[in-house]
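Here the numbering used here runs 6 ahead of the position in the sequence shown, where the first position is 1. Glycine residues also receive a C-beta, built at the ideal position from the N, C-alpha and C atoms. Predicted model only: the values in this text are computed from it and were never measured. Comments concern the structure below.
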Amino acid sequence: MNHIGRCLCGAVALQVTGTPEAMGYCHCATCRAWSSGPIVAFTIWKAEAVTVISGEEHLKNFAKTERSQRKFCERCGGQLMLAIPTLGSVNVFATTLPTLAFKPSLHVNYAETVLPIRDGLPKFKDFPAEVGGSGELLPE
Numbered sequence: 007m008n009h010i011g012r013c014l015c016g017a018v019a020l021q022v023t024g025t026p027e028a029m030g031y032c033h034c035a036t037c038r039a040w041s042s043g044p045i046v047a048f049t050i051w052k053a054e055a056v057t058v059i060s061g062e063e064h065l066k067n068f069a070k071t072e073r074s075q076r077k078f079c080e081r082c083g084g085q086l087m088l089a090i091p092t093l094g095s096v097n098v099f100a101t102t103l104p105t106l107a108f109k110p111s112l113h114v115n116y117a118e119t120v121l122p123i124r125d126g127l128p129k130f131k132d133f134p135a136e137v138g139g140s141g142e143l144l145p146e
């Protein structure tokens, strides 16, 4: 299955192929500052499943740390994705993919939340252990 996503002005388009590795919500201060919102809905894909299909010349990169590369359109500022080279994966923001049925399964960085959510999903203090986090769960 393929899904096409675009930035706000449409100058950059990307395609994801297959199914995401994970879907959920991030509550970290960096994601909140980047998105200007209390949480960010993410979809994690293997890097090879994500392709920029047009407008690559407008795609810019911001790397706050070596662990992540935030990609956005230089024309409209529209946020598209976050490459995670250490894991060989890409977080394509859920709002970038309008045809993908978003089915979250977890919350990450919940220790930093400013918007507590009671939805029955696991709330990780930071990240699951299998991706380098503590694996510690927090109560709702």
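Is it true that the CB of phenylalanine 130 sits closer than 8 Å to the CB of alanine 47? Counted from its first residue, the sequence shown places residue 47 at position 41. Counted from its first residue, the sequence shown places residue 130 at position 124. No, Cβ-Cβ distance for alanine 47 and phenylalanine 130 is not below 8 Å.
Excluding the 5 residues preceding and the 5 following leucine 144 in the sequence, name in chain order all residues of the same chain whose CB lies nearer than 6 Å to its CB. Along the sequence shown, one-based indexing puts residue 144 at 138. In chain order, Tyr116, Lys129 and Lys131 place their CB closer than 6 Å to the CB of leucine 144, counting only its own chain and leaving out the 5 sequence neighbours on each side.
Could you give the DSSP three-state label for valine 98: helix, strand or coil? Position 92 of the sequence shown, counted from the start, is the residue given in the question as residue 98. Residue state, collapsed to three classes: strand.
Apart from the five residues just before and just after threonine 102, which ones in its own chain have a Cβ nearer than 6 Å to its Cβ? Here residue 102 is taken as the residue at index 96 of the sequence shown, counted from 1. Within the same chain, threonine 102 has close Cβ partners Gly11 and Leu86.
Can you tell which of Trp51, Tyr31 and Leu20 has the C-alpha that lies nearest to the C-alpha of isoleucine 65? Taking the first residue of the sequence shown as position 1, residue 65 is located at position 59. Reading off the sequence shown, one finds leucine at residue 65, where the question assumed isoleucine. The shortest C-alpha separation from leucine 65 is found at Leu20.
Please state whether DSSP places valine 120 in a helix, a strand or coil. Along the sequence shown, one-based indexing puts residue 120 at 114. Looking at valine 120 - three-state DSSP - the assignment turns out to be coil, as it is neither helix nor strand.
Please report the residue range of the alpha helix (DSSP H) in which serine 41 lies. In the sequence shown, residue 41 corresponds to position 35, counting from 1. It spans 35-41 - the alpha helix (DSSP H) in which serine 41 sits, taken as one unbroken run.
I'd like to know whether the C-beta atoms of proline 110 and tyrosine 31 end up nearer to each other than 8 Å. Within the sequence shown, numbered from 1, the residue matching residue 110 stands at position 104. Within the sequence shown, numbered from 1, the residue matching residue 31 stands at position 25. Less than 8 Å divides the Cβ of proline 110 from the Cβ of tyrosine 31.
Hey, quick one: how far does the beta strand (DSSP E) through phenylalanine 78 stretch, first residue to last? For the purposes of this step, residue 78 is taken as the residue at position 72 of the sequence shown. It spans 74-79 - the beta strand (DSSP E) in which phenylalanine 78 sits, taken as one unbroken run.
Taking the alpha-carbon positions, what's the glycine 94 to threonine 71 distance? Counting from 1 along the sequence shown, the entry for residue 94 is found at position 88. Counting from 1 along the sequence shown, the entry for residue 71 is found at position 65. Straight-line spacing of the CA atoms in glycine 94 and threonine 71 works out to 16 Å.
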